[in-house]
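Numbering (the working numbering), first residue to last: 210 to 892.
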C-alpha cells in the first residue's frame, strides 16, 4: 500500500497542489513555514478520519490539529485547518495496492461488508446486538446494500489497476465530513486492522519530539496494545515517550524479539550512529530499568538516557520503522535530522533506503531542512526530490543543471540544492551586512538565506553566466544580489530569478547615519568612555568626517577621467594564444601607454591635475554639503568615528545597537527606506 497520488485544496498553508509520489523515498524541501508539515498532516488526516484503526482515532486526530474542541467535538473549527474558512477542505489520496493486498481484499469481501455496516452504525454495539440488527428486516436490507457496494468497489479497484481512493471532504457550512468512495476507506482500514496491534501499514513520525529522561513506566499486554495502536497515527507524538517501552516489550516478548532488537541496534550503530554497541537491558542495583550502550572507542558504558536527544530520536525512529511498519507500508517522517550533527545527517538517507525502504518495501515521505539529506537525494535512484515553492506549487526536482551553472554557483559559495531550502538566496557585499539585515528585517527575510559575496568583479561574471543559462531554458531557484553603490554603478539588470539591487546610498552603513539614534547611544556610559556633549556636537563631527571623503572621491573621478591605459595583463585577451601572439598584444598596450605619457612634464601635469580637482570639488561641494549622509563612505565614517570617540564595545556591536533602535516603534525613515528596497527585491 503506497501513496501514489495526492491532491490538496484549501488545507492550512496549501491552497491547491497535485503531486504524484514515487514508490520508495520522497523528500519534500522548501522554505521555512511554507507548508511542508502540512503535506504530511494532509496525508494523515484522511487515514485517521475515514479509515481509523482505533475507535477514537478520528476525534484524536481532529483535536490534535485544532479542528475540533475536546469539549465540543461536534463543532468544526474552520480557521484551524482551512486556508479560506468559507471554502471546503478537499484531500484526495490514491493508494496503490500490490497484488498480495488485492488478493487479501478479495478474500475478505464478507469482512469488508461487515466493517462497512459497522462504520455506519454505533461502533459500540455489542456482538449480540449487532447480530440482532443483522437478523432484522432493516439489517438484511442494509446487508444487501453493503454487499452490493463492496462488490462494486472491488470491481472499481480492479478497473483502476489497484488504485484505492481515500478522499476526504470537509464542508464547514454544513459541518459535514464525508467521502465520495466509502468502500475505498473500508479497504484501507481492513488492510490495516488485519495486523497485530504493534504493526501498521501507516505510521506518522512528527517533528514535535519530547523524549523523556529517567525512569518511565513499562506496560505489557492490553494497556500497551492500546498505546501502540494510538502511537501509529492518532497520537503519533506518543511514540517518543515509548523508547524504553518499545525495547523492553521486544526483549520480554520472545527470543526472536530479543534477537531482532539486537540486530536492529547493530544495524543503526554500524550505519549512522557509528562507534556504539548495545550491551544489554535489565534492572540496575537501584531498581531502575536500564538499557546500556558502550562507546567502542573509549570502552565507556552508559545508559541510553545519556545519549543526545537527536541520537535517541533517531534510534527510536528506526526501531519503530523496523518493529511496527509492516512490509509494503507508508512512513511519514517530519525532519528526522532534528538535533543531529551534519556528519550524521549525511548518512541518514542512504541508510534509510538500504536498511529499511528496499528491504521492507516501504514508501517514505520525508520533509527536511537538512542540506545533507537534500544533497543525498541526487545520488540515489530510489529517491525523488520535491520542492514546495508555495501553497500552489509542489514540483519534482530533476538533476539537470549544466556544469557551467554548477560551477558558477560553486564560485558564489552556494549550490542549486541550497536554493531549494529557501525562497531565495540573497548575497550582500558588506562584512556586517548579513548580520544587520537579519537583525533589522528578520520578519521580511525569514524565508531567505543571506550570504556574504565578497568582491564584486568576479561575482558579476557569475551573475551574467547564470542569466545566460536562465535565458537558455535552465530552471534556477531565485538568487538576489545587493551591491553597495560605491563609485561603480552596476550595469546588470534583473531577470526572472536572478535579481540585482544596488543601494541608493554608498553602502548599508550610510543608512545607519541617524544623528538622533547615534546621539542617544554615544551618551550612554556603557558604550563610550567619554559621552558626547550634545546632538549638535555629534552632527558637526560626523559632517566634518564625511566631507573629508570628498577629496578622495574627486581624485578618483578626475584621474579615472584621464583614461590612462592599464598595463596589466587581461586573461581573456591572452588565454590560449602563443607567446608571439601574447607579446604583440602586450606590446601594443605598452605602446599606447607610451603615447599617452610622452611629452608629460611633472610640474605642468601636477598643476593641471590640482586645478581640475579643485574645480570639480567646487562643483560637488554644495551637493555633498546637502547629501553627505548618502554620499560619504559609511564604513570609513564609522571607523573614523571610533577613532575620535573612545568606545567600550566593538564596532560590530555598535552597529547592531543602531539597527535595533532603527527597527523600534516607531521605525525610522532610514529603516523604512531599506524595507522598501528589500520588499521591491523579493516581491
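Built from N, CA and C at the ideal position, the CB exists for glycine as well.
Buried versus exposed call for residue i [16 or more other C-beta atoms within 10 Å across all chains shown]
i: residue 481; result: buried
i: residue 389; result: exposed
i: residue 379; result: buried
i: residue 810; result: exposed
i: residue 255; result: buried
i: residue 652; result: exposed
i: residue 773; result: exposed
i: residue 857; result: exposed
i: residue 610; result: With a pLDDT of only 49 at residue 610, under the threshold of 50, the placement of this residue in the model should not be trusted; the figure read from the coordinates follows. Looking at its Cβ environment, which holds 16 or more other Cβ atoms inside 10 Å, residue 610 is buried.
i: residue 473; result: buried
i: residue 667; result: exposed
i: residue 551; result: exposed
i: residue 763; result: buried
i: residue 720; result: buried
i: residue 492; result: exposed
i: residue 746; result: exposed
i: residue 796; result: exposed
i: residue 281; result: exposed
i: residue 440; result: buried
i: residue 883; result: buried
i: residue 303; result: buried
Beta-carbon contacts of residue i that lie in its chain and below 8 Å, excluding the five residues immediately before and after
i: residue 890; result: 635, 689, 691, 708, 710
i: residue 694; result: 711, 712, 713, 714, 715, 716
i: residue 744; result: 724, 725, 728
i: residue 471; result: 487
Range of the contiguous beta strand (DSSP E) that encloses residue i
i: residue 831; result: Premise fails: residue 831 lies in the alpha helix (DSSP H), 811-840, not in any beta strand (DSSP E).
i: residue 501; result: 498-504
i: residue 573; result: 572-576
i: residue 708; result: 707-711
i: residue 538; result: 534-543
i: residue 304; result: 298-305
i: residue 489; result: 485-492
i: residue 803; result: Looking at the DSSP string, residue 803 is not in any beta strand (DSSP E); the run it does join, the alpha helix (DSSP H), is 788-806.
Contact check, residue i vs residue j, beta carbons under 8 Å
i: residue 270; j: residue 287; result: no
i: residue 681; j: residue 534; result: no
i: residue 392; j: residue 371; result: no
i: residue 553; j: residue 589; result: no
i: residue 217; j: residue 300; result: yes
i: residue 798; j: residue 776; result: yes
i: residue 293; j: residue 338; result: no
i: residue 215; j: residue 230; result: yes
i: residue 317; j: residue 399; result: yes
i: residue 898; j: residue 594; result: An answer regarding residue 898 cannot be provided, because it is not within the stretch 210 to 892 covered by the chain.
i: residue 844; j: residue 638; result: no
i: residue 356; j: residue 314; result: no
i: residue 865; j: residue 701; result: no
i: residue 366; j: residue 311; result: yes
i: residue 477; j: residue 530; result: no
i: residue 289; j: residue 276; result: yes
i: residue 375; j: residue 394; result: yes
i: residue 526; j: residue 512; result: no
Spatial neighbours of residue i in its chain, beta-carbon cut-off 6 Å, leaving aside the 5 residues before and after
i: residue 415; result: 445, 446, 543
i: residue 272; result: 279
i: residue 233; result: 566, 591
i: residue 211; result: 232, 305, 572
i: residue 342; result: 348
Neighbourhood of residue i by C-beta, 7 Å cutoff - its chain only, sequence neighbours within 5 removed
i: residue 557; result: 481, 545, 546, 582
i: residue 737; result: 731, 854, 855, 856, 857
i: residue 801; result: 774
The alpha helix (DSSP H) enclosing residue i, as first and last residue numbers
i: residue 554; result: 551-561
i: residue 338; result: 336-344
i: residue 689; result: Segment 688-692 is the beta strand (DSSP E) holding residue 689; no alpha helix (DSSP H) there.
i: residue 853; result: 843-853
i: residue 316; result: 308-316
i: residue 744; result: 744-756
i: residue 652; result: 651-654
Any C-beta of chain C under 8 Å from that of residue i
i: residue 785; result: Of the protein chains in the structure, only one exists, and it is not chain C.
Proximity test, residue i beta-carbon vs the ligand GTP heavy atom, cut-off 7 Å
i: residue 804; result: No copy of the ligand GTP appears in this structure; indeed no ligand is present at all.
Decide if the stretch 265-273 is in contact with the stretch 235-243; the criterion is three or more beta carbon pairs, one per stretch, under 8 Å apart.
The stretch 265-273 is not in contact with the stretch 235-243.
Meets three-Cβ-pair contact criterion under 8 Å: the stretch 503-511 and the stretch 526-545:
Taking one beta carbon from each stretch, the stretch 503-511 and the stretch 526-545 have fewer than 3 pairs nearer than 8 Å; the two do not touch.
Below 8 Å, how does it come out for the stretch 760-770 and the stretch 851-861: are there three or more Cβ pairs, yes or no?
Taking 8 Å as the limit for Cβ pairs, the verdict is that the stretch 851-861 does not touch the stretch 760-770.
Are the stretch 593-606 and the stretch 222-230 touching, with three or more C-beta to C-beta distances below 8 Å?
These segments touch.
Is the stretch 818-825 in contact with the stretch 749-758, if contact means three or more CB pairs nearer than 8 Å?
No: fewer than three Cβ pairs fall under 8 Å.
Measuring CB atoms only, is the stretch 510-528 touching the stretch 473-490, in the sense that at least three cross pairs come out at less than 8 Å?
The way I'd put it, the stretch 510-528 does touch the stretch 473-490; three or more beta-carbon pairs between them come closer than 8 Å.
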